[in-house]
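Those letters in the sequence shown? Residues 1 to 349, by full-length UniProt numbering.
Backbone N, C-alpha and C fix where the C-beta goes; we use that ideal spot for every residue, glycine too.
Below is one structure, written out as structure tokens; the observations come after it.
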Amino acid sequence: MPNLHRSYSVTPIMEALQKSMQKNTPKASSHAMWWGTLGTVRPFPNFNSEKDARDIQTALESKDSDVNTLVRILTNRNNVQRQSIAESYRNLTQKELCPALKKALSGGLEQLMLGLMMTPSQFDAHRLRQTIEGIGTDEESLLAVLCTKSPQQLKDATIAYKQEFGRYLENDLISETSKDFTKLVLAILKKEELNSKEMVDYQLIDQDVKALNDAVNGKKKDPAPWIQVLTTRDSNHLNRVLSRLEDLRGETVDKTVQSHFSGDLRLGFRTLVGSIPSIPLFLGQRLHSNIKKGSLVQGILISHSEEDLLCVRIEYRRLTNTSLYSTLQKEYKGEMQQALLALCRSEDL
């Protein structure tokens with residue numbers, strides 16, 4: 001796992017970008033993610049779902065399928081528009097689009113295009129299912145999804161999980177994890193931001209710092225205060241708490257976690273505290289460490305293309321001194337490269 005040492009404050013570049021986007025962008029429609037202005041995939045202008053459906057039908061019926069057209073259309077429409085295309089395709093052909101795509105495509109490109117056709121909550125549900133099905137649980141990927149989603153997104157994913165698989169996500173997590181790690185995972189799944197966001201609560205900050213510090217000072221380490229504090233506060237409050245904890249202990253929070261916890265619980269706390277300062281920074285690091293893992297790269301680009309992928313690109317550039325766009329050009333070829341570059345959208349000089 002990469003080093004998750006973080007500075008617990010918003011980077012100046014990110015703060016300036018967020019303020020600029022909020023100031024200059026019209027209020028998003030009810031169909032858009034509330035932070036969609038920081039995404040790379042926007043609503044396609046002059047959108048015509050019937051025309052797109054006809055073009056896709058022609059591409060699918062052509063000899064060997066016109067994959068280039070499929071990729072061009074579906075990666076250049078936002079999710080709401082893709083759902084409209086699927087409906088128009090159904091009305092046009094009396095068939096479902098996803099099975100047709102599955103028949104025409106294969107491998108990683110098939111996985112990517114089918115992912116694009118899911119709603120955001122369906123896609124999150126499928127990513128979570130992939131981390132726990134089969135032999136052994138992929139704890140790192142499970143945590144990465146849970147820690148980078150808002151409370152509302154996790155509620156939506158939980159509902160979609162039941163609809164998609166006929167199973168309860170909470171029950172599956174309980175059966176696939178154990179002991180304190182189970183408690184942490186369930187707390188993240190049900191996380192709530194209970195502190196007031198209207199003002200800085202210095203008394204609560206002091207209380208939380210003391211609780212975290214006391215929990216690792218005794219002979220028997222107590223993870224309960226860490227779970228409680230880290231999953232019931234907003235990121236601004238937690239940034240202040242963790243910064244104060246570092247000052248108090250004279251070491252990074254990551255080092256404190258490594259020294260006092262073990263196994264999956266340590267991995268869980270490291271991932272959680274690593275994502276608190278900046279989710280785009282966390283994802284930039286994750287992409288940098290796993291850029292050759294196609295399914296992981298696809299998951300991040302699809303999931304964040306309408307949320308904050310522009311911010312992820314900036315953090316990736318700062319981390320590596322290379323743009324994400326250039327890296328994807330180097331690491332991937334053919335239609336897969338075309339699709340990933342379309343989601344990434346542009347170069348960062």
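In the structure shown, what three-state DSSP assignment does residue i receive?
i, result
"Val41", "coil"
"Asp247", "helix"
"Met323", "Note on identity: in this sequence residue 323 is Ser, with Met being the wrong assignment. Reduced to three states, the DSSP call for Ser323 is coil."
"Pro120", "helix"
"Asp208", "helix"
"Asp308", "coil"
"Gly218", "coil"
"Arg313", "helix"
"Arg77", "coil"
"Thr58", "helix"
"Lys51", "helix"
"Leu283", "helix"
"Gln94", "coil"
"Pro277", "coil"
"Ser235", "helix"
"Lys292", "coil"
"Lys63", "coil"
"Asn213", "helix"
"Leu105", "coil"
"Tyr332", "coil"
"Glu192", "coil"
"Ala28", "Because Ala28 carries a pLDDT of 33, less than 50, the predicted location of this residue cannot be relied on, and the following value inherits that uncertainty. Note: Ala28 maps to coil in three-state DSSP."
So, is residue i buried or exposed, given that buried needs 16 or more other C-beta atoms within 10 angstroms?
i, result
"Met336", "buried"
"Asp64", "exposed"
"Tyr168", "exposed"
"Leu4", "Because Leu4 carries a pLDDT of 46, less than 50, the predicted location of this residue cannot be relied on, and the following value inherits that uncertainty. Buried: at least 16 other Cβ atoms inside 10 Å."
"Ala125", "buried"
"Leu343", "buried"
"Gly299", "buried"
"Pro280", "buried"
"Ile159", "exposed"
"Ser141", "buried"
"Met199", "exposed"
"Thr39", "It is worth fixing the name first, because residue 39 is Gly in this sequence and not Thr. Looking at its Cβ environment, which holds 16 or more other Cβ atoms inside 10 Å, Gly39 is buried."
What residue range does the alpha helix (DSSP H) around residue i cover?
i, result
"Lys255", "Val253 to His260"
"Leu70", "Val67 to Leu74"
"Val200", "Neither: Val200 is in no alpha helix (DSSP H) and is coded neither H nor E."
"Ile227", "Ala224 to Leu230"
"Glu347", "Unbroken run through Glu347: none, as it is neither H nor E."
Kindly indicate if chain B contains any beta-carbon less than 7 angstroms away from that of residue i.
i, result
"Cys344", "Reference to chain B is not applicable here, since this structure consists of a single protein chain."
Start-end ranges of the alpha helix (DSSP H) lying completely within the stretch 120–179, minimum 4 residues: Counting whole runs of 4 or more residues, the stretch 120–179 contains the alpha helix (DSSP H) stretches 120–132, 139–147, 151–165 and 169–176.
Given 8 angstroms, three or more beta-carbon pairs between the stretch 266–286 and the stretch 223–241: Contact annotation: the stretch 266–286 touches the stretch 223–241, with at least three C-beta pairs closer than 8 angstroms.
Stretch-stretch touch, CB-based, cutoff 8 angstroms, three pairs: the stretch 241–259 with the stretch 203–222: Between the stretch 241–259 and the stretch 203–222, the count of C-beta pairs closer than 8 angstroms reaches three or more; the two stretches touch.
Sufficient close CB pairs (3 or more, under 8 angstroms) joining the stretch 87–102 to the stretch 131–138: The stretch 87–102 is not in contact with the stretch 131–138.
Given 8 angstroms, three or more beta-carbon pairs between the stretch 246–264 and the stretch 94–112: Contact check between the stretch 246–264 and the stretch 94–112: fewer than three CB pairs, one atom from each, fall below 8 angstroms, which does not count as touching.
Inter-stretch contact at 8 angstroms, needing at least 3 Cβ pairs: the stretch 297–316 / the stretch 177–194: Counting Cβ pairs under 8 angstroms, fewer than three are found: no touch.
Any 3 or more C-beta pairs closer than 8 angstroms across the stretch 55–69 and the stretch 96–104: Yes, since at least three Cβ pairs between the stretch 55–69 and the stretch 96–104 fall closer than 8 angstroms, the two stretches touch.
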